[in-house]
Amino acid sequence: MVYTCHWGLVGAGDISELFLQDLLAVPATRGVTDVAHKPVAVAARSLDRAKTFIATHVPDLKDSIKAYGSYAEIVADSTIDVIYIGTTQSTHYEVARLALRAGKNVLCEKPFTINSKQAEHLAFVAKEKNVFLMEAVWTRFFPLAIEFEKLIHEDMVIGPIRRVSTDFSVYCPADPSFRLYNLEAGGGALLDLGLYALMWMFLTCYKHPDNHRSNPDVVKAVSLKSPRNVDETTAITTLWSKPKILCMSTCSLMMDSPSECDVIIPIHGSRPEKIIINVRGEEDIRDGRKVNDRYPIQDCVLSMQIMDEVRRQNDFKFPDALDFVEDY
10 MVYTCHWGLV GAGDISELFL QDLLAVPATR GVTDVAHKPV AVAARSLDRA KTFIATHVPD
70 LKDSIKAYGS YAEIVADSTI DVIYIGTTQS THYEVARLAL RAGKNVLCEK PFTINSKQAE
130 HLAFVAKEKN VFLMEAVWTR FFPLAIEFEK LIHEDMVIGP IRRVSTDFSV YCPADPSFRL
190 YNLEAGGGAL LDLGLYALMW MFLTCYKHPD NHRSNPDVVK AVSLKSPRNV DETTAITTLW
250 SKPKILCMST CSLMMDSPSE CDVIIPIHGS RPEKIIINVR GEEDIRDGRK VNDRYPIQDC
310 VLSMQIMDEV RRQNDFKFPD ALDFVEDY
């Protein structure tokens with residue numbers, strides 16, 4: 010029997026369009042035959058914007074996908090199983106609270122929130138409402154990422170790990186109208202790009218068998234700020250005493266990452282050119298799980314805590330309205 014998951018998309022920007030196209034991909038192309046995904050509604054700040062999004066990107070389905078002009082309307086739709094949040098990061102906390110309190114499962118784009126207290130609050134509400142909650146960091150689920158963990162932790166193809174370097178940088182012209190240079194929009198390299206650099210740190214250091222999911226013993230960071238006070242370049246050093254690893258994670262808006270080293274695995278002699286794995290994944294919502302085993306919400310909270318500490322050390326402050334956390 011095929012389980013059909015019904016989705017409501019919040020946000021009508023580019024990232025929501027990409028996510029919608031992924032939803033419409035035939036699951037069998039990924040080796041999945043017992044799950045189907047069906048978009049049933051889209052919400053934007055205005056009804057016209059939601060209608061235009063549907064008509065532009067899925068014209069053949071415009072009569073079967075509902076358009077909503079407010080977020081309150083879409084979370085009240087009883088036909089929706091999961092709410093996907095593809096709005097800008099400055100609104101994630103607000104929209105996720107709304108959806109969770111309506112009893113909806115939630116998949117929220119990265120960065121999950123502005124700070125760790127907001128992430129902790131959302132995790133609390135999800136547990137209280139007994140619903141699923143996860144940050145949409147798709148890279149963690151790539152077959153290559155899964156194989157990467159196996160190679161370094163189970164097969165130990167490079168032996169003991171002692172030093173790790175991770176980076177994710179994308180050159181962006183310093184345009185004050187661009188969201189990454191807008192402090193009020195939660196801009197800067199750390200939240201938008203640093204999350205990926207920290208992801209590889211998590212897979213290598215945090216998930217090391219000797220670490221037992223312990224927090225890093227030391228977090229030190231330095232940032233270079235733009236005239237508009239967002240971080241343009243940030244370097245984060247973490248020390249992990251149990252597996253005895255020193256990690257340097259960097260992100261920047263001032264340069265691109267070298268194309269050949271999104272992930273560096275220094276294997277003596279030669280390295281694999283291609284990895285092909287067929288992974289049959291589990292389906293959390295169908296199977297009644299409220300937390301994903303590969304990326305539990307606690308990992309997301311820890312990532313936000315590390316970024317909070319980076320901001321604290323570098324006096325990098327967002328406006329109070331963005332850093333707000335509701336009492337709970």
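Numbering (this note's numbering), first residue to last: 10 to 337.
Cβ coordinates follow ideal geometry from the N, Cα and C atoms, glycine included.
(message) Check whether the region 316-329 and the region 165-177 touch, using three or more Cβ-Cβ pairs below 8 Å as the test.
(response) Pairwise C-beta distances place the region 316-329 out of contact with the region 165-177, as fewer than three of them are shorter than 8 Å.
(request) Select from Lys138, Phe150, Asp336 and Arg237 the residue whose C-alpha is nearest the C-alpha of Gly197. (result) Residue numbering aside, residue 197 sits at position 188 when the sequence shown is read from its first letter. That would be Arg237, whose Cα lies nearest to the Cα of Gly197.
(request) Look up Arg172 in the DSSP assignment and say whether it is helix, strand or coil. (result) Position 163 of the sequence shown holds residue 172. The answer is strand: DSSP assigns Arg172 an E or B state.
(request) State the Cα-Cα distance for the pair Leu27 and Leu18, rounded to the nearest angstrom. (result) Indexing the sequence shown from 1 puts residue 27 at position 18. Indexing the sequence shown from 1 puts residue 18 at position 9. Between the alpha carbons of Leu27 and Leu18 lies a distance of about 11 Å.
(message) In the DSSP output, what is Ile254 paired with across the bridge?
(response) Taking the first residue of the sequence shown as position 1, residue 254 is located at position 245. Here Ile254 is bridged, per DSSP, to Trp249.
(request) Consult DSSP for Ile92 and reduce its assignment to one of helix, strand or coil. (result) Walking along the sequence shown from the start, residue 92 turns up at place 83. Residue state, collapsed to three classes: strand.
(request) Compare the C-alpha of Ser312 against each of Asp184, Val140 and Pro225 and name the closest. (result) What you label residue 312 is simply residue 303 of the sequence shown in a count that begins at 1. Checking every option, the nearest Cα to that of Ser312 belongs to Pro225.
(request) Please go through the region 108-152 and give each complete alpha helix (DSSP H) segment of 4 or more residues, from N-terminal end onward. (result) 125-138, all fully within the region 108-152.
(request) Please state whether DSSP places Met208 in a helix, a strand or coil. (result) By 1-based counting over the sequence shown, the position of residue 208 is 199. In the structure shown, the three-state DSSP call for Met208 is helix.
(message) Only counting the same chain, and skipping five residues up and downstream in sequence, which positions put a Cβ closer than 7 Å to that of Thr13?
(response) For this step, residue 13 is matched to residue 4 along the sequence shown. Here the set comprises Ala45 and Lys47.
(message) Check whether the region 102-117 and the region 137-146 touch, using three or more Cβ-Cβ pairs below 8 Å as the test.
(response) For the pair of segments examined, the region 102-117 was found to touch the region 137-146: the number of CB pairs separated by less than 8 Å reaches three.
(message) What would DSSP say about Phe333, mapped onto helix, strand or coil?
(response) By 1-based counting over the sequence shown, the position of residue 333 is 324. It is coil, neither helix nor strand.
(message) Helix, strand or coil, according to DSSP, for Thr242 in the structure here?
(response) Mapped onto the sequence shown, residue 242 falls at position 233. DSSP places Thr242 in strand when its eight states are reduced to three.
(request) Determine the extent of the alpha helix (DSSP H) in which Tyr80 is found, giving its start and end residues. (result) Position 71 of the sequence shown, counted from the start, is the residue given in the question as residue 80. That run of the alpha helix (DSSP H) goes Tyr80 to Val84.
(request) Taking only the alpha-carbon atoms, compute the straight-line gap between Ile167 and Ile161 and give it to the nearest angstrom. (result) Along the sequence shown, read from residue 1 onward, the residue named residue 167 stands at position 158. Along the sequence shown, read from residue 1 onward, the residue named residue 161 stands at position 152. Cα to Cα, Ile167 sits roughly 6 Å from Ile161.
(message) Spatial neighbours of Asp317 within its chain, please: C-beta separation below 6 Å, excluding the five flanking residues on both sides.
(response) Position 308 of the sequence shown holds residue 317. Counting only Cβ-Cβ distances below 6 Å, and skipping sequence neighbours, we find Asn124 and Ser125.
(message) Quick check on Tyr77: does DSSP put it in helix, strand or coil?
(response) In the sequence shown, counting from the first residue as 1, residue 77 sits at position 68. In this structure, Tyr77 counts as strand in the three-state DSSP scheme.
(request) Flag this pair as touching only if the region 74-86 and the region 49-56 have three or more C-beta atom pairs under 8 Å; answer yes or no. (result) Yes, the region 74-86 touches the region 49-56.
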